[in-house]
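*Asks:*
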Ligand code: UDP
Ligand code: MG
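In our numbering, the protein residues as written are 29 to 246.
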């Protein structure tokens, strides 16, 4: 349905030629349960390394809020239900954000893509639209038990204003994570592409491990 709305995804993306005139983007996918600390750690990475942080969730929330967006209501429903938005929407937001970043400053070609790919559909969308345009260096996996994840999100919910930081949405988000996202992490693991950090500790302890990984992997 969404595919038809968009027509062919490839009609909307600029030519491979345009992308090849820039440095090939280097991407780290950042994954982990809701509340695992992806956003917090990405901010710290940006302070210390030459990376641009793109949160798929933030891009979707911005699109939800954009006046005139034809997808606003759909995105709102999916987020509240803890479901994963059809990739045709998400991948175009990610591609556009990467393009805009590199257009502003061609030296900014290193990206942390946070909260993506979350399921098979996301992965397929990446393959269709981005695989030839960008290199995925590795997956940074914030490993954290469900209980800690839920407690952190409930705490965050006191001030985040997010429609999905409540117990009902969280139960659904955890289910989506376990059923859809873990298999994607496992898949990358079989290719030796996952760097795992124990994320159940305090921010600075987690970041010390993150820093070691990035110092080594660039
Ligand atoms: N979401 C999605 N596709 C994505 C990223 C996020 O559909 O690629 C939606 C999904 O409904 C998810 C919500 O946005 O539950 C919040 O995602 P976010 O990454 O902001 O949550 P976090 O995991 O950081 O708590
Ligand atoms: Mg986040």
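Glycine included, each C-beta is placed from N, C-alpha and C at the ideal position.
This one's a predicted model, so the numbers in the text were calculated from it and none came from an experiment.
Quick check on DSSP: helix, strand or coil for residue 166?
*Replies:* In this structure, DSSP gives residue 166 an extended state, which the three-state scheme calls strand.
*Asks:* Which class does residue 50 belong to by DSSP, given the choice of helix, strand or coil?
*Replies:* Residue state, collapsed to three classes: coil.
*Asks:* Please report how far the alpha carbon of residue 130 lies from the alpha carbon of residue 112, in whole angstroms.
*Replies:* 27 Å
*Asks:* Quick one: does the C-beta of residue 85 sit closer than 7 Å to a heavy atom of the ligand MG?
*Replies:* yes
*Asks:* Can you tell me the Cα-Cα spacing of residue 92 and residue 109, whole angstroms?
*Replies:* 15 Å
*Asks:* Can you give me the C-alpha to C-alpha distance between residue 59 and residue 208, rounded to a whole angstrom?
*Replies:* A straight-line Cα-Cα distance of about 12 Å links residue 59 and residue 208.
*Asks:* Within 10 angstroms of the Cβ of residue 126, are there 16 or more other Cβ atoms? Answer buried if so, exposed if not.
*Replies:* buried
*Asks:* Which complete beta strand (DSSP E) runs does the region 51-104 hold, if anything under 3 residues is left out?
*Replies:* 54-60, 80-83
*Asks:* I need the DSSP call for residue 245, collapsed to helix, strand or coil.
*Replies:* helix
*Asks:* Indicate the three-state DSSP secondary structure (helix, strand or coil) for residue 191 in the structure shown.
*Replies:* coil
*Asks:* DSSP three-state label for residue 229, please.
*Replies:* coil
*Asks:* Starting from residue 224, follow its DSSP beta bridges and name the residues at the other end.
*Replies:* The partner list for residue 224 (beta bridge, DSSP) reads 169.
*Asks:* In the structure shown, what three-state DSSP assignment does residue 142 receive?
*Replies:* In the three-state DSSP reduction, residue 142 falls in the strand class (E or B).
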